[in-house]
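Residue numbers (this note's numbering): 1 to 84.
Here the structure is laid out as structure tokens; the discussion comes afterwards.
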Amino acid sequence: MYKVKVYITLRESVLDPQGTVVKGSLHSLDFNEVQDVRIGKYMELTIDKTDRDIDAAVKEMCERLLANIVIEDYRYEIEECVAL
């Protein structure tokens, strides 16, 4: 079994209105040192080991469903789970 941590963020060239609102709210709370905020998504997947290459399978999942590859970037970490 594998635990996969997937991080999805807007590409740098894409405006992030939600991040802009959060930044403004932080400034209104006197956290003026915050220079920029970008909002993203985080997912954890638990995957049974299969005959398919786990790295290729996760990449395909990200590109076909989890991320909108036109406006989002993704990265992931794969950890092998130890059975108890």
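Positions of the beta carbon are idealized from the N, C-alpha and C atoms, including for glycine.
Note that the coordinates shown come from a computational prediction; the quantities given were computed from them, not determined experimentally.
Following the DSSP letters along the chain, one finds L26 inside the alpha helix (DSSP H) bounded by residues P17 to S28.
Secondary-structure assignment with DSSP links E79 through a beta bridge to K3.
Residue pairing by DSSP places L45 opposite V4 in a beta bridge. Looking at the DSSP output, E72 shares a beta bridge with L10. Of the residues I39, K49, M43 and E33, the one whose Cα lies closest to the Cα of Y76 is M43. Distance from the CA atom of F31 to the CA atom of P17, rounded to whole angstroms, is 19 Å. Sorting R11, K3, L45 and Y2 by C-alpha distance to the C-alpha of E72 places R11 at the top. Per DSSP, V37 lies in no alpha helix (DSSP H) and is assigned neither H nor E.
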